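These notes concern the structure reproduced below.
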Amino acid sequence: MNTVLDKDVLEESERKFRAQEVDKELNLKGKVCPYTFIESMLALEDMEIGDVLRVIVDYPPAVCDVPKSLKNEGYEILDVRPVNETDWAILVKNTEFK
Amino acid sequence: MKFSEEQIHRYSRQMILPGIGGKGQRKLSEAKVFIMGAGGLGSPAALYLAAAGVGTIGLADSDHVEIHNLRRQILHRTCDIGLPKVESGKRTLESLNPEVKVQIYWERVTSANIQRIIEDYDLVLDGSDNFPTRFLVNDACYFGRKTLISGAILRYDGQLSTFKPHAGGPCYRCLFPEPPPPGLVPSCQEAGVLGAVAGIIGLFQANEALKEILGIGQSMAGRFLLFNALDLAFQEMKNTKNPDCPLCGENPTIKELIDYTQSCSTRDTVPLQTSTRTSD
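For the protein sequence lines, the chains are P and V, in the order given.
Numbered according to numbering that gives the first Met the number 0, the first sequence spans residues 0 to 97.
Numbered according to numbering that gives the first Met the number 0, the second sequence spans residues 0 to 279.
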């Protein structure tokens, strides 16, 4: 999952990540799809519009699937990045539920 | 309402659907649906509504389970023969989904009690097996401003529509102003019905109920669906408000609920398309 990423892309991601205020963090380590997506969506539904959720996942398919599914629902994906050898962080901004 | 881990697992494949999510699931758990009849239409409808997590299901039926019911009335099992259908139905629904509250009415629904019964519900599904009840349910829904999802079956044919006169649409009487004369249309008891047809139409009713609760898709209000199982053919017709409707028209003549007399006949000359003899 830790594919080689372009240095500029990583730096930009790091900058955005640090600049972004996180309103809530959801630890979904050990959870698999589709529960990773559902629990992310449920957390967002309880948050204010414009709030940012940070989701931590360690199930490799969730790294692609959760952002994709959240985006399909209309949520804004701000960032997806590895945080260590096993975990990834997904930053998502809450929008009005469609 | 916070979802438990078990609820998330139970409803996961439904909650991920566009237009549902946690908010839609909450709408379902807060919804109250009344089902008239725990028979051929009510059985599949109730099972799928309970499975989907509809919070309260009302079930009215004054009959007992009999062996000839079991071919299509899938709420009931062979071991339930002799039990009131509502008892058997409640047990089946609660074993499928213990979260659902099942309210039962083991009584004949008449003009004297129907308004009190449906008062607490958001939505009514008609799966009754006779015209007096069918017209009574329609009229009570009109007076009580309840959305009515109507299904009917006979032999290999089925019908489906949604009636929301309170939202400007037609009512059942816009289409069929009065019950047919006694004996004109046969009952399922007389003419038979394919069990799978009951399942198909009952599930269409469940489907429309879920859509109405969730506020998604195209309502069947103003539309009338005919189904034939032998040709596997669907025909949809436009169903418009009738200004001369005796109930919801411009000069209504029906101002209160009517208890029609149950008709009984073995004549079976009228096809379903021109009648509305219903299921059980």
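From the three backbone atoms N, C-alpha and C, an ideal C-beta is built for every residue, glycine too.
Just so we're clear, the structure is a prediction, and the values are computed from it rather than from any experiment.
Sequence-distant Cβ neighbours of Val65 (chain P) in its own chain, meaning closer than 8 Å and more than five residues away, are Cys32, Thr35, Phe36, Ser39, Val54, Val56, Ile89. Look at Ile15 (chain V): its C-beta is under 8 Å from a C-beta on chain P.
Boundaries of the beta strand (DSSP E) around Gln158 (chain V): 156 to 162.
By the 16-neighbour rule on beta-carbons within 10 angstroms, Ala139 (chain V) is buried. For the segment 188 to 232 of chain V, the full-length beta strand (DSSP E) segments reaching 3 residues or more read 222 to 227 along the chain.
If you draw a straight line from the Cα of Met236 (chain V) to the Cα of Gly150 (chain V), it is about 15 Å long. Scanning its chain for C-beta atoms nearer than 6 Å, with the 5 sequence neighbours on each side dropped, one finds around Ser87 (chain V) the residues Val64, His75, Asp79, in chain order. Within a 10 Å sphere around the beta-carbon of Ile48 (chain P) sit fewer than 16 other beta-carbons, which makes this residue exposed. Counting along the chain, the unbroken alpha helix (DSSP H) around Val136 (chain V) starts and ends at 130 to 143. Below the 9 Å Cβ cutoff, chain V contributes Ser11, Arg12, Met14, Ile15 as neighbours of Pro33 (chain P), in chain order. The secondary-structure analysis by DSSP pairs Asn26 (chain P) across a beta bridge with P:Ile55. Thr85 (chain P) is not bridged by DSSP to any residue. Listed along chain P, no residue sits closer than 9 Å to Ile215 (chain V) by beta-carbon distance, the nearest being about 11 Å off.
Between Ile76 (chain P) and chain V, the shortest Cβ-Cβ separation is not below 8 Å.
By the CB criterion at 8 Å, Leu58 (chain V) and Val123 (chain V) fall outside the cutoff. For Ile37 (chain P), the C-beta contacts it makes with chain V under 7 Å involve Ile7, Ser11, Met14, Ile15, in order along the chain.
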